[in-house]
Amino acid sequence: MQNRKPFIMIMCAIAVALNIVLGTVVQKLQIPLLFLDAVGTIFAAVLFGPWYGAAVGTITNVLTGIITGNPKDIPFFLVNAVAGLVVGYMARKFKFTLVTSIITGIILSIVCPLIGTPISVWLYGGLTGGGNDFLFLVLKNSGMQLLPAAFWPRIASNIIDKIGSCILVFAAMKYIPAQYKGNKNIAA
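Structure, rendered in structure tokens:
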């Protein structure tokens, strides 16, 4: 492909839209243990590298905060940006196979709550209106400190969400023509 920049920008815009649409649908349907708001970030990171993934994650959260009228959601861009970096570096270093996608999902399952939990506690006192709130309240009311009570439910949901999202992107990569893949370590 001669000039890849326009293609990359279009694909990154599609990835941002994918994050927003999937994240909104899952939130509206109140599907437990899923967010799917980083599928586009993971897709861009695998396809084009860590910095594109981080950019998609950042833009997603900033736009979501603006679109929903809830600027408190904007600081969560840190979670999505770091997810893009982690996935991009994993995909660059290792062939993005099914095994690598699962391992990457496990890493994200820990890293994302490590970043997102303090943000949710700072902004919302640990309650975010999502599926984790029930377990958070159970743990908090059982005497657990605020930060651990907010952290552990996020680990549980992120294990399902991030591993599933990485596997979904791995499966989708089989349908991307080779000339469009910026990362040669994509298994397909």
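For the sequence shown, the tail end lands on 199 under the working numbering, and the numbers increase by one without skipping. Where a beta carbon is used, it is the ideal one built from N, C-alpha and C, also for glycine.
Within this structure, are the beta carbons of residue i and residue j separated by less than 8 angstroms?
| i | j | result |
| --- | --- | --- |
| F107 | F162 | no |
| G2 | N81 | Within the shown structure, residues of the chain are numbered from 12 to 199, placing residue 2 beyond reach of any answer. |
| A55 | M22 | yes |
| A49 | N14 | no |
| C177 | G95 | no |
| F145 | A160 | no |
| R165 | P124 | yes |
| F46 | Y191 | no |
| V132 | L158 | yes |
Across which residues does DSSP place residue i in a beta bridge pair?
| i | result |
| --- | --- |
| F18 | Answer is none; F18 lacks a bridge partner. |
So residue i packs on residue j, CB below 8 angstroms; how close in whole Å?
| i | j | result |
| --- | --- | --- |
| V57 | V93 | Contact flag wrong, Cβ pair sits at about 15 angstroms. |
| F87 | G127 | 6 angstroms |
| G64 | V98 | 6 angstroms |
| G142 | Q41 | 7 angstroms |
Closer than 6 angstroms by C-beta to residue i: which residues in its own chain qualify, once you throw out the five before and the five after it? Chain order, please.
| i | result |
| --- | --- |
| S120 | N169, I170 and K173 |
| A26 | G51, F54, A55 and V67 |
| T69 | F88 and A92 |
| T139 | S131 |
Can you name, in chain order, every residue of its own chain whose Cβ lies under 7 angstroms from the Cβ of residue i, other than the five neighbours on each side?
| i | result |
| --- | --- |
| P5 | With the chain covering 12 to 199 only, the question about residue 5 has no answer from this structure. |
| I85 | N72, V73 and G76 |
| Y100 | P61 |
| V37 | L45, F46 and L47 |
Below 8 angstroms CB to CB, which residues in the same chain sit around residue i once its five sequence neighbours on both sides are set aside?
| i | result |
| --- | --- |
| V83 | Strictly speaking, residue 83 in this sequence is Lys, with Val absent from that position. These residues qualify, in order along the chain: G76, L134 and Y135. |
| A183 | F54 |
| I113 | I174, C177 and I178 |
| I78 | I31 |
Legend entry - Every unbroken alpha helix (DSSP H) within the segment 103-135, with a cutoff of 4 residues, ordered by chain: 109-135
Legend entry - Unbroken stretches of the beta strand (DSSP E), 3 residues or longer, contained in the segment 74-107: none
Inset, instruction - Counting only runs of 3+ residues fully inside the segment 20-67, write out the beta strand (DSSP E) ranges in chain order. - result: none
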